[in-house]
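The numbering used here puts the first residue of the sequence shown at 6, with every later residue one more than the last.
Beta carbons: idealized from backbone N, C-alpha and C, even for Gly.
No experiment lies behind these values; they were computed from the predicted model shown.
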Amino acid sequence: MEEELSRCGYRCDLCAARSEDPEVRSRLVECWKKYFGLENYTVENVRCDGCLHDGRLADKNCRARPCAIERNMPTCAHCDDFACDKVVDLLGGTMEESFRRFENLTEEDYNLCMRMFASRERLKAIRKSIGKPWPENLP
6 MEEELSRCGY RCDLCAARSE DPEVRSRLVE CWKKYFGLEN YTVENVRCDG
56 CLHDGRLADK NCRARPCAIE RNMPTCAHCD DFACDKVVDL LGGTMEESFR
106 RFENLTEEDY NLCMRMFASR ERLKAIRKSI GKPWPENLP
């Protein structure tokens, strides 16, 4: 599958919420509960077609996606208001940062439920490629 970057920098193509296999989605839901405390997801409602599509969305409360669409931005990194409060909490870190943050995180769990969220470095690269600075207040 080709890399598919969401508006906030998540890698939709890596997300298990896109899986047709309910067992994979079930493991994703349990992983999100375990590490993030997300209790509102189920095997049925975690289904997602990806941020760039008009179909099913796992995060129906996302504020970054509709804002980027309204502003006609391919990603939040392109916006002059980056990193606003709609996206700043979505800036996921590296695998190493995740292992420091979450005690007992396994590589399998990281790959299943966190790898797609490692958006900070992706958005930094986009900002650099379009000649926009990374905000000083962000790591």
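Are the segment 15-22 and the segment 48-56 touching by the rule of at least three beta carbon pairs closer than 8 Å?
yes
Three-way DSSP call (helix, strand, coil) for arginine 12 in this model:
coil
Which class does leucine 117 belong to by DSSP, given the choice of helix, strand or coil?
helix
Ordered along the chain, which non-local residues of its own chain (more than five positions away) have a Cβ less than 7 Å from that of arginine 125?
Leu96, Gly97 and Gly98
Coarse secondary structure for methionine 78, derived from DSSP in three states
coil
Inter-residue spacing [alpha-carbon to alpha-carbon] between proline 71 and arginine 105
32 Å
Any idea what DSSP makes of histidine 58, helix, strand or coil?
coil
Could you give the residue range of the alpha helix (DSSP H) that holds serine 145?
With the chain running from 6 to 144 in the structure shown, residue 145 is simply not present.
Contact belief for arginine 12 with cysteine 89 at Cβ below 8 Å, rounded distance in angstroms:
Contact doesn't hold; Cβ gap of about 12 Å is too wide.
Should aspartate 54 be listed as close to the ligand MG, given that the test is whether its C-beta is under 7 Å from any heavy atom?
No copy of the ligand MG occurs in the structure displayed, which carries no ligand at all.
Determine whether the beta carbon atoms of tyrosine 46 and valine 34 lie at a separation below 8 Å.
yes
Sorted by chain position, which residues of the same chain lie with C-beta nearer than 7 Å to serine 103's C-beta, five sequence neighbours on each side aside?
Leu110, Tyr115 and Met119
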